[in-house]
Every structure is written in C-alpha cells, then in structure tokens.
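Below: one structure, written as structure tokens.
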Amino acid sequence: MGTPTRINRNWTSLFFSLVFLLFAAMAESSRPCTAGDSGPVVPTTPLVAFLERVQEAALKAFGGDDFDPKLYVDLSLKRNLSVTQKAFDKLPNTSDGAVPASDLNAFIGEYLKKPEVNLVVAEPTDFVRVPEGFLPAVVNRKVRDWALEVHSFWNNLSRKVAAEVFDLPEFHTLLPLPMPVIIPGSRFREVYYWDSYWVIRGLLASKMHETAKGVASNLISLIDEHGYVLNGARAYYNNRSQTPLLSSMIHDIYQRTDDLDFVKKCLPALRKEYKFWTTGIHAVTVYDAHGFKHTLSRYYASWNRPRPESSTTDKETASKLSDDSDKKLLYRQLASTDESGWDFSTRWMRNTSDLTTLNTISILPVDLNSFILKMELDISFLAKATGDSRTAGQFLQFAQARKHSMNTIFWNAKMGQWLDYWVSNGTTCQGTHPWKPSRQNQNVFASNFIPLWIDLFHSDRALVERAVQSLQSSGLIRAVGIATTLTNSGQQWDFPNGWAPLQHMIVEGLVKSGSKEARALAEDIAVRWIRTNYVAYKKSGAMHEKYDVEKCGEFGGGGEYVPQTGFGWSNGVVLSFLEEFGWAKELKIDDCN
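So my numbering is basically just the index in the sequence shown, starting at one, shifted up by 129.
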C-alpha cells in the first residue's frame, strides 16, 4: 500500500508545480511592461540645480573638447544662493542665448569659489616615509624604491574637509565628512565609494591602519545620514549608491587590527546597507523551472533627469530620443550605470554602438550579487567575532541561499562562467519573472569571473576549476593584464582598457582557490600588471586611473572625460600585489617582454 501512496503524492506534487508555473506565466504575461519610467526620484538641492544652469552657460561660452561639466557643479558660493542667482540672471545674453565668455568669467570670479578650497591638504597622522615591515618580500631595489614612491602618494591624496563646509553646508555641493579623506585624484576631488576599498587595501599595505579606519568611518557617516553610502561625497550623488564594498573594508581592517570596538560600531550600518541593497527597488525575483524563487539584486538609481555632474553631456545623448518618457528612462539608466561603477560599457547596452540603449536596471549583474554575497559572509564573520551567534547564523544562511541562486540563475556550464541575467529587454517590469536560458548574456566580461573572489564558491572544486579554465581561454588575459570586455566600443569600461579593481579581485580569487596552477596564473597576471604600472609611471611621472592591456606602459582612454592620474585604486592594487607576491631581486621590472 505504501508505494501507490508515494506515487499519488508525487503526482499531486507535480500537478501543483505545473499549476504554479501556469499561473505564474499567466501573471507574467499579463503584467504590464512599459518602456517608460515610473521609479522613485530623490530630489536634488537648490544649489545643485543652480550650478547646472552655470554648467550649461559655461558650455555655450567656453565649449571645447576639454570641457568638463563636473567642474561647475563642484563650485561653491561666496554669497548666499538668492543673491548669486539674481546676479546670474542679470548677465547679458547674445542673440543665441549664450552669456559672453568674459561676463561669465567675471561672474564666476566674483560669486563662486574653486572646488579646491573646500578640501585642505592634510598629512595623515600615521604616515611614515618608510613604514616598519613594509613589503618585506620586495627585495629588488628598483621595485622597492618605486613602491615607496607609490606609498608616498597617500600624502598627496590626503585631505580634510574645510571648516567652512561644516559652517555653511548650503554653500557647497561637497558633503562634510568627519575624518580626513583619501581622494582618487585629478577631477575626482571627493571621496568615492568603491574606490575606497582599494585605497584601504593600499593603506593597510602601508601600515596606515588609522587612516584606513577613517576612510571607512566617513562612509559609515553617509549611511547614518542618508541610509546608504552615496556614490561619492557630493550633494548631487544623493540619488544613488555604488558597488557595495563597505563590509569588505571593515572585514579587512579587522583582520589587520583586531579592533573589535571598531567592528561593533560598524555593524549596525552594515545591516542598514544590506537592507538597502536587498529590498525595494534593488530586489528582483526570478523563478526557476521548478517553481523555486530566487531574489537577486540590481543597480537602480533614484533619478530620472540628467546627472548634474554630466548634465550637458546627458542632454546631448538624450537628444536622439523624441519622447520625454524615453528620455527619463535613459537618464535613470545612465545614473544606474554610474551606480555599477562601469560607466560606461557595452555590457549594459542592447546596441553596442548606441548609448541610448542602456538597459542596466533590467539586468541582474553577476558582480553586484557577488559583492552582496560577500557582504552576507562578512556580516556573519564580524557578528560572530562580537559574540552575536544569532546574526552570524542568519547571514550565513543568507549567503548560502544567494550562492545557490547565483549558480541557478547565472552559471552557464557550457561556457564555465557566471553570466549577467537580463530580466527584460528595454522594458521595466515589476513582480517575479520566469528564468529563461536565452536571457543570460553570453558575451565575455571580466565581471563573469568575480565570483572567484568569494570564498564560499571555492567549496565546489570542480566548478572553480572549470571557471579558471574558462578564464584562461576567454581572451580576456592580454599582454599586460585582464581586459574589461572583448568589445572595442570607445567606452572606457570596454576593450582594451584594464582596471585595477578587476585585476585585483580576479587575481585574489585565483589565489584563494588553493590551486597551485591558479596561483601561478594569478602571479603571472599580477607581475604583468605591476610592470605596466611601473613603465607608465617612469614615462609619465604619474599613476593612472586605467591602462591599455595591449600595450605595456600605456594608460587607457575613452569615455566621458580625459584620462586621470593620481590614482587611489591603482596605487592600492600595486601595493597589495607587491605585498602578496613580492618581487625577486633578479626579476626585471622594466622589461615588458
């Protein structure tokens, strides 16, 4: 009698599963999907709105290929806003509506301050010229001297917010941060979220633990004020966050310092950030072929207007579109792509030659969900360190569930890669969505291998080995580093550019795998990357934001602005690689062959 009962139960279970899938499919097909925009918007400030007008006037007055719209929204007031606006409104206009260049220059000089005055150079309190125990495995004298030069750049990039920003915050777009900051460099005069992780990795290699804590504490203060870490420390970034790596910063600082009090102060903010990224507009549910639901996260900015720091550029991009609702959706896509850090790349585009086809808010990205999984693991680890076993267990379960969802939705066994999943193609939908294999983006991106950076994936040895083999044959590993994509589009997060964060995460992931072969590959990539940084530095006297992975010693290009120097995360990754792998006395640094 037992066998028929089991069969009946199995048929009953199968029946209800089929009914669930039928109704889910009907609900999905009847759910409205529109090309318009109806998402939330965080309002801007009156000062930002006014400075956008100045930016537009400056484009008409000064123009030129080197015009940088960000400069104008970084200006601050000398007098109150109402007085300044009245003076601006009285400026003469030419027949085409432009303010004469001489009049606009005079206005800016009288009423506005340069961005540099808002941040004061401040030497870090824990900086020493030659730190004790600095990079002990670097025995090559030439490399060691260069590494000390890179270390010295923390002095050049260290600032503190000027007192006037605290006294009159409404006069500034710069946000008042309590601790000294490390800026990326050049046009990036303020703190940026995900840059800060590699800055901290470099600071830890430089034994600057207190400065590292200060960098993280500033980001915690943004969560306390806004509910999430802003893209950057400017008022115009209040509508979006950026790649969530704060938990990784706290984890790595604790590993070096054993400062449990610091961890206890940070944990409530980490839990608040976790909620931001895993609920509401950032959360999307996909159900698989068995009817099981998988909730993953996406990038989604609360903004549907031109980005203030690139307002004139965005308006020009959107001028190709005639419908206002299409323009609003494009503006949200642009801001949401900024939230990803990959601004811009064919990774997010339906048509790789047309930026207006950005589809970021309809994509579940592999790397974002890797970072959130790491956040879950980090919170679990840090909670356990403080004695909170309940939270530790809860977040470990969250991490295990997300790993399962990522392997279900993202993993492509044939390619041996985790692939971004396109929930829809150019439309915005709510609710749950059926998983379709055709929605995996089968183009090769460096982000397809970011799960290697997450310890939890290394429990599946066969899967990791398959991913490492896929990386080796992917075409991404080039002469001097890992390419971002294989498409040369002119966008900066495309071929042939290589970026320090991507090199670091993939190399460190290979090391974490425990495989000798993977570590050898990791060291080979790191050595090539260090060399191209060194050769470029010797040629130009600067560290660069990005590099051309096809040509040793050449920095990258493309995108919305001219190549930048400084540069926070490039410095941090070089120091981190040298800390991990060292540099042998006989190993050449200036030979790219």
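Backbone N, C-alpha and C fix where the C-beta goes; we use that ideal spot for every residue, glycine too.
In chain order, what residues of the same chain have a beta carbon less than 6 Å from the beta carbon of residue i, not counting five sequence neighbours either side?
i, result
"Val-272", "Trp-712 and Ile-718"
"Arg-369", "Asn-360, Ala-430, Ala-464 and Glu-468"
"Trp-658", "Gly-610 and Gln-632"
"Gly-638", "Leu-581 and Trp-582"
"Lys-751", "A question about residue 751 goes unanswered here, because the residues of the chain that appear run from 130 up to 722."
"Pro-244", "Asp-203 and Arg-318"
"Phe-578", "Leu-600 and Ile-635"
"Phe-706", "Ala-655 and Ile-659"
"Ser-576", "Val-495 and Asp-496"
"Lys-449", "Thr-485"
At which residues does the alpha helix (DSSP H) containing residue i begin and terminate?
i, result
"His-423", "Taken as a continuous stretch (DSSP letters only), His-423 belongs to no alpha helix (DSSP H), being part of the beta strand (DSSP E) at 422-426."
"Lys-336", "First-last for Lys-336: undefined, no H or E at that position."
"Val-630", "Here the sequence assigns Pro to residue 630, which means Val is not the residue at that position. Counting along the chain, the alpha helix (DSSP H) containing Pro-630 begins and ends at 629-641."
"His-562", "First-last for His-562: 561-563, but that is the beta strand (DSSP E), not the alpha helix (DSSP H)."
"Tyr-663", "645-669"
"Leu-459", "453-469"
"Tyr-429", "Looking at the DSSP string, Tyr-429 is not in any alpha helix (DSSP H), and its letter there is neither H nor E."
"Thr-613", "Thr-613 -> no alpha helix (DSSP H), and no H or E assigned at all."
"Ala-514", "495-514"
"Leu-600", "590-602"
"Val-249", "No alpha helix (DSSP H) contains Val-249, which is instead part of the beta strand (DSSP E) from 248-250."
"Thr-442", "440-447"
"Leu-484", "It is not in any alpha helix (DSSP H) - Leu-484 carries neither H nor E in the DSSP assignment."
"His-533", "518-538"
Count the other CB atoms, across all protein chains shown, that sit within 10 Å of the CB of residue i; report buried if there are 16 or more and exposed otherwise.
i, result
"Met-155", "For Met-155, the predicted structure reports a pLDDT of 39, less than 50, and the residue's modelled location is therefore unreliable. A value from the coordinates is still provided. Per the 10 Å Cβ criterion, exposed."
"Gln-620", "buried"
"Thr-408", "exposed"
"Val-640", "buried"
"Ala-633", "Looking at the sequence shown, residue 633 is not Ala but His. It counts as buried."
"Pro-265", "exposed"
"Val-212", "exposed"
"His-673", "buried"
"Leu-332", "buried"
"Phe-295", "exposed"
"Pro-435", "buried"
"Leu-704", "buried"
"Gln-184", "buried"
"Gly-99", "The structure shown does not extend to residue 99, since the chain is modelled only from 130 to 722, so the question has no answer here."
"Leu-188", "buried"
"Ala-418", "exposed"
"Val-320", "buried"
"Gln-526", "exposed"
"Arg-461", "buried"
"Glu-354", "exposed"
"Lys-532", "buried"
"Glu-708", "buried"
"Ala-276", "buried"
"Asn-209", "exposed"
What residue range is occupied by the uninterrupted beta strand (DSSP E) comprising residue i?
i, result
"Ala-187", "First-last for Ala-187: 175-190, but that is the alpha helix (DSSP H), not the beta strand (DSSP E)."
"Ala-731", "Nothing can be reported for residue 731, as the shown portion of the chain is limited to 130 through 722."
"Lys-702", "In the sequence as presented, Lys is not what sits at residue 702; that position holds Val. Taken as a continuous stretch (DSSP letters only), Val-702 belongs to no beta strand (DSSP E), being part of the alpha helix (DSSP H) at 697-710."
Less than 7 Å between C-beta atoms, sequence neighbours within five positions excluded: which residues of the same chain meet that for residue i?
i, result
"Val-664", "Cys-681, Gly-682, Asp-719 and Cys-721"
"Phe-144", "The predicted model places Phe-144 with a pLDDT of 43, which falls under 50 and marks its position as unreliable; any figure quoted below should be read in that light. Answer for Phe-144: no residue qualifies."
"Trp-406", "Pro-373, Ser-426 and Ile-501"
"Ser-599", "Met-544, Gly-545 and Gln-546"
"Ala-629", "Trp-327, Trp-698, Ser-699 and Val-702"
"Ile-654", "Ile-606, Gly-610, Ile-611, Gln-632 and Val-636"
"Asp-218", "none"
"Lys-444", "Pro-435"
"Leu-127", "There is no way to answer for residue 127, as the model of the chain reaches only from 130 to 722."
"Asn-498", "Leu-425, Ser-426, Arg-531 and Met-535"
Could you pull out every residue in the same chain whose Cβ sits closer than 8 Å to the Cβ of residue i, ignoring the five residues on either side in sequence?
i, result
"Val-392", "Ile-379, Tyr-383, Leu-511, Ala-514 and Thr-515"
"Leu-399", "Leu-375, Ser-376, Ile-379, Met-504, Asp-507, Ile-508 and Leu-511"
"Asn-177", "A quick correction: the sequence has Val, not Asn, at residue 177. The residues are Val-202, Thr-302, Ala-364, Tyr-365 and Pro-437."
"Ala-153", "With a pLDDT of 41 at Ala-153, under the threshold of 50, the modelled position of that residue is not reliable, and the figure given next carries that caveat. The answer, listed in chain order, is Tyr-416, Gly-420, Thr-561 and Pro-563."
"Leu-592", "Asn-536, Trp-540 and Phe-586"
"Thr-616", "Thr-475, Thr-481, Asn-572, Asp-623 and Phe-624"
"Lys-242", "Leu-204, Ser-205, Leu-206 and Lys-207"
"Gly-522", "Ser-509"
"Thr-340", "Pro-253, Thr-254, Asp-255, Phe-256, Trp-283, Ser-287, Pro-309, Ile-311 and Leu-332"
Using a C-beta cutoff of 8 Å, does residue i count as contacting chain D?
i, result
"Ala-266", "No chain D is part of this structure, which consists of one protein chain only."
Problem set entry | the region 326-343 touching the region 250-264, judged by at least three CB pairs closer than 8 Å | yes
List in chain order: all unbroken beta strand (DSSP E) runs of 3+ residues lying wholly within the region 270-306. 287-290
Touch test, the region 201-219 against the region 234-247, Cβ-Cβ under 8 Å, three pairs minimum: yes
Exercise. Does the region 477-493 come within contact of the region 502-511, defined as at least 3 CB pairs closer than 8 Å?
Worked result: no
*Answer yes if the region 648-658 comes into contact with the region 686-697, meaning at least three C-beta pairs across the two stretches below 8 Å, and no otherwise.*
no
**Report entry** 3 or more residues per run - each beta strand (DSSP E) lying fully within the region 362-419
**Finding:** 412-416
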